[in-house]
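Engineer:
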Ligand code: SAH
Ligand code: SF4
Ligand code: F3S
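Residue numbers (this note's numbering): 37 to 476.
(1) In the DSSP assignment, find the beta strand (DSSP E) that holds residue 333 and state where it starts and stops.
(2) Give every residue of the same chain whose Cβ lies closer than 8 Å to the Cβ of residue 88, excluding the five residues on either side of it in the sequence, and list them in chain order.
(3) Specify which residues have a beta carbon nearer than 6 Å to any heavy atom of ligand 2, listing them in chain order.
(4) Could you check how far apart the C-beta atoms of residue 430 and residue 398 are, in whole angstroms? I think they sit under 8 Å.
(5) Excluding the 5 residues preceding and the 5 following residue 275 in the sequence, name in chain order all residues of the same chain whose CB lies nearer than 8 Å to its CB.
(6) For residue 404, does the three-state DSSP call read helix, strand or coil?
(7) What do you reckon, are the CB atoms on residue 58 and residue 146 nearer than 9 Å?
(8) With three or more beta-carbon pairs closer than 8 Å as the criterion, would you say the region 314 to 325 touches the region 361 to 368?
(9) Return yes when the C-beta of residue 262 is under 8 Å from any heavy atom of ligand 1, and no when it is not.
(10) Could you please give the first and the last residue of the uninterrupted alpha helix (DSSP H) stretch that includes residue 52?
(11) Mind checking whether residue 244 and residue 209 have CB atoms under 9 Å apart?
(12) Taking the beta carbon of residue 460 as the centre, do at least 16 other beta carbons fall within 10 Å, making it buried, or is it exposed?
(13) Pull up the CB-CB distance for residue 401 and residue 339, whole angstroms please, since I reckon it's below 8 Å.
(14) Residue 113 and residue 200: beta carbons closer than 9 Å?
(15) Between 388, 241, 278, 107, which lies nearest to residue 343 when the distance is taken from Cα to Cα?
(16) Between residue 273 and ligand 1, is the CB less than 8 Å from at least one heavy atom?
(17) Helix or strand or just coil, what does DSSP make of residue 228?
(18) Would you identify the three-state DSSP class for residue 427, choosing helix, strand or coil?
(19) Report the partner residues of residue 136 according to the DSSP bridge assignment.
(20) Are there 16 or more other CB atoms within 10 angstroms of the CB of residue 329, so buried, or fewer, so exposed?
(21) Does the distance from the CB of residue 175 to the CB of residue 444 come in under 9 Å?
(22) Would you tell me roughly how many angstroms separate the C-alpha atoms of residue 144 and residue 56, rounded to the nearest one?
(23) So residue 367 is in the beta strand (DSSP E); what residue range does that whole segment cover?
(24) Hey, residue 212 and residue 258: beta-carbon distance below 9 Å or not?
(25) Any heavy atom of ligand 3 closer than 8 Å to the Cβ of residue 50?
(26) Under 8 Å from any heavy atom of ligand 1, does the C-beta of residue 381 make it?
(27) Heavy atom of ligand 3 less than 8 Å from the Cβ of residue 105, yes or no?
(28) What are the boundary residues of the beta strand (DSSP E) that residue 40 is part of?
(29) Starting from the C-beta of residue 310, find all residues in its chain whose C-beta is less than 6 Å away, skip the five residues before and the five after it, and write them out in chain order.
(30) Below 6 Å CB to CB, which residues in the same chain sit around residue 382 once its five sequence neighbours on both sides are set aside?
(31) Could you check if residue 330 belongs to the surroundings of ligand 1, using beta carbon to heavy atom distance under 8 Å?
(32) For the region 179 to 187 and the region 66 to 84, state whether three or more C-beta atom pairs, one from each stretch, are separated by less than 8 Å.
(33) Quick check on this structure: which residue in 464, 138, 298, 64 has the alpha carbon closest to the alpha carbon of residue 151?
(34) Looking at ligand 3, does it come within less than 8 Å of residue 140, judged from the CB to the closest heavy atom?
(35) Can we count residue 376 as close to ligand 1, meaning its CB is less than 8 Å from some heavy atom?
(36) Given a cut-off of 9 Å, decide if residue 372 and residue 192 are closer than it, judged by their beta-carbon atoms.
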């Protein structure tokens, strides 16, 4: 039996796509290899969101080159956003690569692998979504659901619209059926994926039409699904119906990841985010009004071209004011083919790094303060397995998406009640409430 090895970079959409790539390969009769050295087919599912994503990946590619020279019959494949963004250049720059494919052409890999032997090629009917391919889930109790692909926004720093194309939604009925299948298969938590989940459905014809809020309600009604998450909403499209859904639908988790990018309206304008600082804060106020205990996380870019000290201070001030439960912070990275990369006022690297440090200080301090509210409470935790730092303890996630390390007996995939005794900016600690266990 031939064996494959897939290395995944980038976002949750790429993780989802890799599960589909693996599912597809297993349908072709391949088995997963534990290490790259043992594989006949070495694959990379790549990301190109920032320059360091490119660099990390090209270092791995050097390893594949060595393995290929040891055993030339090995196949090396490169898929994902980086592959899409460099397209034809891949083979010139890396002549040992046998096959390359973008995020919307995963099925081409199957065609490539089966082109000499006429096997189940017809099985992979491609209609644009990797969500149509079979999946091999990393965790049996958690599932990704690709609700749309592509992005119609034109954020001036971002490479994604050019790698993933225009936004296309999958019909609501199809998504509900997919989640029903997942539930029957033991999945308890689903994460709905799209570049801008709030604009879900706008491109669908009447017969299949649903808004994102309606889709959430239909998924909430599915027996067996205890938790629904989604990523990412765009602040410009974050409407009250979706915010209210967090208080009305029992399985929709109390966590919203609302990417800010900058706290300065003039920077936001040059980023082409199409909302202002005020509009963003208004969304936060609406969330706090309807779902007071909701955890909020975000993405922020420091050092966007032309970002002045005053602009940056507005970001710090907003982060201070909102008090995020967590945030991903990035130094602006110029990307090929994007508008922002051509702007004159690029911020020096040292300034970006210094701003990032100041930002991280505020984010972590506020996150730690926010986490304090959980100490003394009992939270529902979905057990994931042993703690990474102390295998005698367990690790899981609360509905607020906080990592919880705790002592207890829960098995992976089980929902347990944990009494929270400590909090840092990143994690909570506690012990399983045996009282509740005895009672259930
Ligand atoms: N579609 C999602 C996520 C896009 S990528 C959204 O809009 O929320 C994830 C994050 O990477 C972005 O939110 C942004 O903060 C960051 N990012 C994207 N391009 C970047 C760039 N060129 N430099 C630095 N950070 C970037
Ligand atoms: Fe990129 Fe903006 Fe689309 Fe997100 S919304 S994927 S940041 S263009
Ligand atoms: Fe995701 Fe990276 Fe592509 S963040 S959408 S894999 S560029």
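All residues carry an ideal CB built from backbone N, CA and C; glycine is no exception.
Structural biologist: Taking the definition as stated:
(1) 331 to 338
(2) 369
(3) 187, 189, 191, 194, 196, 197, 231, 232, 270
(4) That pair is no contact at about 31 Å.
(5) 234, 249
(6) helix
(7) no
(8) no
(9) no
(10) 48 to 63
(11) yes
(12) exposed
(13) The Cβ separation is near 21 Å, so there is no contact.
(14) no
(15) 388
(16) no
(17) strand
(18) coil
(19) 114
(20) exposed
(21) no
(22) 13 Å
(23) 362 to 367
(24) yes
(25) yes
(26) no
(27) no
(28) 39 to 44
(29) 272
(30) 341
(31) no
(32) no
(33) 64
(34) no
(35) yes
(36) no
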